[in-house]
Each structure stands twice: as C-alpha cells, then as structure tokens.
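For reference, the structure is listed below as structure tokens.
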Amino acid sequence: MRNTLDTNRSWSSRILGILSGELGLLVILVLLVIGFSVASEYFFTSRNLLNITRQVSINFIVAVGMTFLLLLGEIDLSVGSTAALVGIVTASIMAATNSITLAVLGGLSAGAITGLVISIAVVYGRVQSFIVTLAMMGIARGIGYVWTQGYPISGLPLGFGVLGAGYVGSIPVSSIIALAVFAVAFVVLNKTKHGLYIRAIGANPEAARLSAIKIKRYRISGFVVTGLLTGLGGLLITSRLLSAQPTAAMGMEIDVIAAAILGGSTLTGGIGTIHGTALGALILGVIGNGLNLLGVSPFYQPIVKGLIILIAIVVKQRSK
Amino acid sequence: MSDPIVVLDHIEKRYGGIHALRDVSLSIHKGEIHALVGENGAGKSTLIKVLTGAVQRDAGEILLDGQVRALESPVQARAMGISTIYQEVNLFPQLSVMHNLFFGHEPVRSRLGFLRVGEIRAKAAELLEKFGLDIDPQAPISDLGLGQKRIIEILKAISLNARVLIMDEATTGMSQLEIDTLFDIVRDLKEKHVTVLYISHYLEEVFELADRVSVLRDGSLVKTLDIEHTSVEALSKAIVGRDVEQVRMSGHDISDDTVALGVCEMQAPKLREPISFQVKEGEILGITGVIGSGKTEIGRALFGVDPITGGSVEIFGRTYKALTPQKARDLGIALIPEERKTQGVFPLLSIANNVIMVNIKRVLSGKFFLSAQKKRALTQAAIDSCQISPKEGSIPVRNLSGGNQQKVAIAKWLMAKPRVIILDEPTRGIDVGAKAEIRRLIIEQAKQGVGIVYLTSEFKEVLGLCHRIIVLQKGKIAGVLSGQDAKLEEVVALALG
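For the protein sequence lines, the chains are A and B, in the order given.
Take the first sequence: its position 44, counting from 1, is numbered 47 in our numbering, and each next residue is one higher.
Take the second sequence: its position 392, counting from 1, is numbered 434 in our numbering, and each next residue is one higher.
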C-alpha cells in the first residue's frame, strides 16, 4: 500500500490526524452524545447526564491510578480483587466498631497496603508488574472469600450510603469525589516534580537513572496511589449497595484499563494523561448508558464497547 | 564498468514544510563503492529511504538497470536486489548466526515448514568460510561483537543476492580492527560485482574505501567527485559550505594544582587492574581506547552508576568508597552518557522537561510544585548556552537532529553547574559543524575551571583537545601521553599493541 504523500494528504487522512489525540476523543464523545440524544428522548436530560457521571465515577477514580502506573510502564491487574477486598475490610470494621470514619480509614489503608506489597515484589523482587498483579488478583480475591466464607456483609449504616449513592442537590456525591480526584491528579501529574519524574521514568528508565533520580520511590508511589484509589473505588461500590460482596468488581480491571488506553495511555510507558483517561471513561459510560436507554440487551454491550476501543486504537495508529 | 546500475532522476521529497530532497539526480555505477556524505539533516537518510522504498518520493524517477521502477516498499526493493544495513543492528540476538543469515528464506522440508537445519548449518558455514570468518554458525548473535554482527548483516544481504548494498553509518561504534575487517569484506564484495552505496560521517573511511563520493547539503546534491581528485579539506568544505577549522585547545594554564577528581586504585566492572589517575580543575583529560577497553565503565563508576568494587575516589579533597548518581551530582559531577537516545535524553519529552530533569531544585516553587516561570527561564538559559536549534523549549527532543539532541544532553547538565564533566563518546554520530561546537563548549568549560574527562574510542578526537591522554587497552592503562605532543601513531600503538 502506498504511503500517502505528505503534502497532499487526502481528506480521510486529515480527519484521521485530528481524531487521534485528546481532541479526537472529545469529538467522539460529542458525536456519541448527539447520536444518543437523537435516538432517545431520555438521554439528554440533566438527570441522565448526571447519572452518567455517577456511573463512571468509580471506574474513573481507579483508572486515574492505572494511568499513573501505565505512565510508569507498569500495570495492575488486581484492581477488581483489591476493590472487593477493601469493601469487605471496610464493612467488617463498620460492623465491629460502628464507626464509619474508622472503617473508611481502614479500608483506604488496606488498599494502600496492597499496593505497597505489590510494589515491593515489583521493585525489590524485580518481577514484572503484570505477573505480580496477576498473582495478587487471585490472592486478594481469595482472601475476600475466606474472610466472608462467600457471604456478603450487609446491614451497613445508612449514613455510609451517602458516599456512593448520595446527592448534594442534584449532583451525585461520587461524581464530586471523582472530580476532586481528577483535580488533584491533574495538578500532581502536570505541575509537580513528582509528576514529571513519573512521566520520565516510564518514558526512559535508563536515562532517568542517569539523571540522578531516585527511581524506586516513584515506582513504589505509583502502586501505593493506585492501591489507595482502588480502595476508594471499593468503598464507593460497597457504599452504593450498602453491602460488601466478595464477588464485587469482577472484571473491573478490564474497564479500568480500557478507559486509560482509550484515553491515550500506552502499555509501554511515558504516555498518558488524566484528561484523556477522563474522556475515555466518559465515552465508555455514555455508550453503556445510551444503549441501556435504547433498550439494547445488556449482552450486546461488551461487544459494542470492545469494538469502539478497537476502532479508536486503530484510528490512532493509522494517523501516525 | 562504468555503466549505471542505479539512477536517481530529479528526486523531490518534502516533509510538511521541510524540503528534504531538492531535485537530486545521481547516477551510481555498477560495481563501484560510492560514498554519500553530508551533515545531519542534509538529506542522506531521506535519500536512502526513497531508494529502498521505505518512503515515497514526491517527484522524480528511480531507474534500476536502465528501467524505471516503482519501488513502493522495502520488500520490493529487496526483491530487486537492493539491501540496506543501518546504524542499528537488525538481527535477532537470541537466535543463532545461521538462523539469522537465512531468516525469511530458510530452506524447508515440505509444505509444513520443517526447517532443514543441517542444510542451514552447512550453507552458513560455507558462507562464513567464503569470507574467511572464524565464527561458529550455531553461536547466538548476542555472543558476537558489534563488528561481527555488522558483518553477519552484510552476509545476510549477500545470501539474498543483493546487487546494491547500502551501508548507512555502518561503522558506528566499531573498533578500528573491526572496521578493517569490515572493509576487507566490502572490497571483496566489489570483486564479486556488488555495488556499494556507503554513507558515513568519517571522511577518512570514505577516502580509504570509496571510488567516488557525492556530497549532499540542505537537500541538494552539491557535487560528485572521484576520490583521487579531492581531499578531506575540500570535502569538508563542500559538506559545510564554509571553511572548517579544527577546533583546538589553546593550551591554557593548569599549573594550579587543585585536584578536582582523584582516582586511587579504583576497581570497577570490566577493569582488569586497579586504576589510578587525577584530573585537575580546568584540565581536559582524554581517556581513549578501543571499544570495550573500559572507558565507559570508568565514567559510569565515577558517576555512581556501576559499583566501585575496590579502591576509592577523591572528589575535591574528600574520599569516597561508594557513590550513587545522586551523590555524584551533589558533589558536582556530571555524566553525559554514551547512548544518546536511551541514556542521554528523554526523546519523548520536550527540551524543557529534559533540562529541568536534573535541575529540579532550581525550578521548584515550594517543595512540590514546578514553577512555569523558572522552568522557562532555565530552559532558555540552557538553549542559549549550547546554541540549541530550534530555540523552542516545548519541542520533543526526538524531533531534533542528532547534534542538537547531544547539545540538550550536555546543556541540561551545564545548568547544574558541575565542577567535573565526564563525556562518553560525545561526538558520535554528529555532523562536522555540531562536533566543532561541542569541542568549543568543552574548551570553554575547562577555561572556567571545570575538570573534564573525555572518553572516546575515536583516537583523533583527543589530539589537540586534551591536556593529557590516558590510553586504555583491555581494561588496563597502557600509557599516558601529553596532549600537545602526542602523535596519532603513538595513541594507536598503545591502544592496539
């Protein structure tokens, strides 16, 4: 196949060029919103749109952590299992102490500790993160089953439900939390030394070492932060159902990684943005929500989502 | 013998706003060794890409054996007998020599694709012997030295019945011994009527090997000359377009005996013996030797990248038995590493982000946040200090030419105000103009009292630049010479003898 001559780019190649990058994601999002609005009268209402933000908030929060890891050239396949485990830890603490605060703190710590354990195996044990987190995926899920003997922990105090299901006015609390995570992550990644180093280490670990950067601490921080954010996600899931299920968040890692990759992160490191991940999560959320409103069987949704991701990646590759 | 095998006729190529090739017409004769020289950015790589079908020309024709060819892909080019050997080795390190040689066209038994291993081994051995090479066909490529790998690449092209062999900076990173062996093979090819297009920065090589040479400058073919009718000076002038004087050190005084860096019986990986030497403030110390003689390892040990397994290093009067990159930087040592793209810079990141990477304390506001203003100021200072072009700090470093990338690698460390700068092969793969600028930079720093350790395998570079020259051979110091008086033969004798 002939390469297109660079000066006389055909209109199709120009469009491909624009569609890659974050601007392209925004365009796709807008097109999807327009499409669904036309197809269903229930789509473009403030209630439904806010609903979408609530639906994607958990996925997005964990995807932010994943973005940091992907930037470092790492990955975490255990986020679903960890989220479920954190939910179980949180619910157990709440049942035992009746204190929501203690439970939240305990849950978040559990998430961070899981991340720390992973990071020690990866950084000091020098095992690839794919393998370590693959193992952790099983271990964390297993611990959850053993702890609960397979039964959900229910009967949690109603107050706890505010986090995942509550509203401030008409805005969902979990959307506000997601927005806060977005803001902090964006600032850290783009405006701090920490963020710069994370991007550098993923882009070129050898050069980072020769630039006298203490690499280990930044790699560890990536896993701990992801653990923390996964913990937050697990808290919100438990809060929403007011029950901790050992089977919660099965397959969450797929949606989380999909959001990040759709948003522009690569598996090789050094590339990725918070706003890209946000757009990726929103696109997935809009598709899911829109198809629901149109009455499309939920069985079709994974197919549609998978195709969208595939097409988006292909478009990106072709436009290079 | 002088009928053309490849003719490039009025070739044009633009990349967006950049006119990479302007009306280039070149005729290559059958069986000749034709050299192509020019600065980085002159269009050599683009011309090769057009000739091998990797990139499509905007205008002009390519003729092979007098017939116009479309050349739409490298596969087509290879099928027509045009093979290329690049700067980077394109072999499979875990596979054996014989599998690499016949990769893509292995003799197989039946449609199911079972490899005829015995035949592959025999044919490989035959090919290696034909060229007088003592290499085990079953050895993995990773066992071979760089020079041997390049030779295997050439043999691979031969086994594919290449009629035109393009060699793009093929001797980069090779020792003189390896280069001599390589050249013998190339001359052998000539006798077998293979045409060679030889691209190189090294004019001495061109004079040793080529029959004719073409000079590219700013996308245009300046002239094509017979080697016997020209000289290194004339070619340099044609390449650069102006007179180029070799930048030489004026021999400024370093009678001041403040020792910046003192190495005392230091042992490190790859060094066969403990090593001792000193670098004074303002002195330029050259450490040279063939590739693998231990210079890079000395640099890495001094910067704390490789562990010091014995002895100690004295830095501005204080003795250290162990170093880390952080400690070295805090003590005022800077290392510009050997591999630009993977060690010296972050190609994906902007010039600005590269610069602040080692100078983070100077661009912080508070403890965590980066100050955009300080970042801009420091980036501008870095760009000015080394005359990096283009002067825009937000450009990703991978978009810069090799010479400018190296300047970024140096500039970012200059901003850290080092007191000792270690440079490992700083002018490798860089055009004549940028080389001179970097030499000037080094001399300037030395005049300001910075101690310089200049590690290189290109012997000529240390002459006229260094106050003293240490010559390494196989991990040991073979000799120490005075920079002003040393002759090239002495250096070579110590390095190879």
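Built from N, CA and C at the ideal position, the CB exists for glycine as well.
If you look at Gln515 (chain B), you'll find it in the beta strand (DSSP E) that goes 510 to 515. In the three-state DSSP reduction, Gln98 (chain B) falls in the coil class, being neither helix nor strand.
Between Met399 (chain B) and chain A, the shortest Cβ-Cβ separation is below 8 Å. Chain-ordered listing is empty here: chain B has no CB closer than 8 Å to the CB of Ser268 (chain A), the nearest sitting near 13 Å. Counting C-beta pairs closer than 8 Å gives three or more between the segment 77 to 86 of chain A and the segment 133 to 152 of chain A, which meets the contact rule. A Cβ-Cβ distance of about 17 Å is found for the pair Glu77 (chain A) and Thr276 (chain A), leaving them out of contact under the 8 Å criterion. Listed in chain order, the alpha helix (DSSP H) runs fully inside the segment 243 to 290 of chain A are 255 to 265, counting runs of at least 4 residues. Closest option to Gln385 (chain B), judged by alpha-carbon separation, among A:Pro208, A:Phe302, A:Gly293: A:Pro208. Shown here for Leu169 (chain B): same chain residues with a beta carbon closer than 8 Å to its own, the five before and five after excluded, namely Leu143, Leu197, Ile200, Ser201 in chain order. The beta carbon of His278 (chain A) does not come within 8 Å of any beta carbon belonging to chain B, so the residue lies off that interface. In terms of Cβ geometry, Val495 (chain B) and Val533 (chain B) do not form a close pair [threshold 8 Å]. For Phe410 (chain B), the three-state secondary structure derived from DSSP is coil.
Using a Cβ-Cβ cut-off of 7 Å, Pro367 (chain B) is close to Arg212, Leu213, Ala215 of chain A, given in chain order.
For Asn207 (chain A), the closest Cβ of chain B is nearer than 8 Å.
Relative to Gln118 (chain B), the option among B:Glu503, B:Leu93, B:Ala364, B:Asp107 whose CA is nearest is B:Leu93. According to DSSP, residue pairing for Lys322 (chain B) in a beta bridge involves B:Val301.
In chain order, Glu54 place their CB closer than 6 Å to the CB of Ala101 (chain B), counting only its own chain and leaving out the 5 sequence neighbours on each side. For Ile402 (chain B), the nearest beta carbon of chain A is closer than 8 Å to its own beta carbon. Between Leu239 (chain B) and His76 (chain B), the C-beta gap is smaller than 8 Å, which places the two residues in contact.
Within chain B, no C-beta atom comes nearer than 9 Å to that of Thr271 (chain A); the closest sits roughly 10 Å away. Look at Leu390 (chain B): its C-beta is under 8 Å from a C-beta on chain A.
A distance below 6 Å between beta-carbons, with the five flanking residues on each side excluded, links Glu256 (chain A) to the following residues of its chain, in chain order: Leu80, Val82, Gly83.
With distances taken between CA atoms, Leu166 (chain A) lies nearest to A:Thr241 out of A:Thr241, A:Leu296, A:Gly273, A:Lys319. When beta bridges are read from the DSSP output, Ala376 (chain B) appears opposite B:Ile463.
In the pairwise beta carbon analysis, the segment 86 to 104 of chain A is classified as not touching the segment 206 to 221 of chain A: fewer than three pairs are separated by under 8 Å. The DSSP-derived three-state label of Glu148 (chain B) is coil. A distance of 8 Å or more separates the beta carbons of Ile47 (chain B) and Arg254 (chain B). Thr237 (chain B) sits in a strand when the DSSP states are folded into three classes. Three or more pairs of CB atoms, one per stretch, sit closer than 8 Å, so the segment 52 to 65 of chain A contacts the segment 279 to 297 of chain A. Closer than 8 Å to the CB of Leu199 (chain A) there is at least one CB belonging to chain B. Taking each of B:Gln526, B:Glu247, B:Leu251 in turn and checking the Cα distance to Lys232 (chain B), the smallest one comes out for B:Leu251. The beta carbon of Asn395 (chain B) falls within 8 Å of a beta carbon belonging to chain A, placing the residue at that interface. Interface residue (Cβ-Cβ distance to chain A less than 8 Å): Leu113 (chain B) is not classified as such. Rounded to whole angstroms, the Cβ separation of Leu73 (chain A) and Leu235 (chain A) is 19 Å, and the two are not in contact under 8 Å. In the three-state reduction of the DSSP assignment, Ala520 (chain B) falls in the strand class.
Residue B:Leu313 holds the alpha-carbon nearest to the alpha-carbon of Gly331 (chain B) among B:Gln180, B:Leu313, B:Val400.
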